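Have a look at the structure below before the remarks.
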Amino acid sequence: MRRRNPAHTRRFLARNLRRLRLERSWSQYDLADETGLRQGLISALELATANPTLESLDKIAFALGVDVAALFAAPPLAKSR
1 MRRRNPAHTR RFLARNLRRL RLERSWSQYD LADETGLRQG LISALELATA NPTLESLDKI
61 AFALGVDVAA LFAAPPLAKS R
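Each step along the sequence shown adds one to the number in the UniProt record's numbering, with nothing skipped, and position 39 is 39.
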């Protein structure tokens, strides 16, 4: 099995985190309040520049009402017409 580049994984996290946050109409500050994390960390995660701890991921997933795995899900493949 090929090894995935960590930056690639961080981009999945960044996209999913932002999408899930915006689906709830939350600002980064709102998510920070819900999780007890700093807004700066939320921003860095959405920019794919931070490596979160498992504890941070668990807090984020719980606040968003999803499993931790959902934060790393690959985007669905586009259907060809």
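Note that the Cβ used here is the ideal one computed from N, Cα and C, for glycine as well. Note that the coordinates shown come from a computational prediction; the quantities given were computed from them, not determined experimentally.
query	result
Beta-carbon proximity check, A48 vs A70, cutoff 7 Å	no
Cβ-based neighbour list, N16, same chain, cut-off 8 Å, excluding 5 preceding and 5 following	A70, L71, F72, A73
C-beta atoms of E46 and R18 nearer than 7 Å	yes
Anticipated Cβ contact below 8 Å, L64 with L20, distance rounded	5 Å
Residues near L31 by beta carbon distance below 6 Å, same chain, minus five either side	R21, I42
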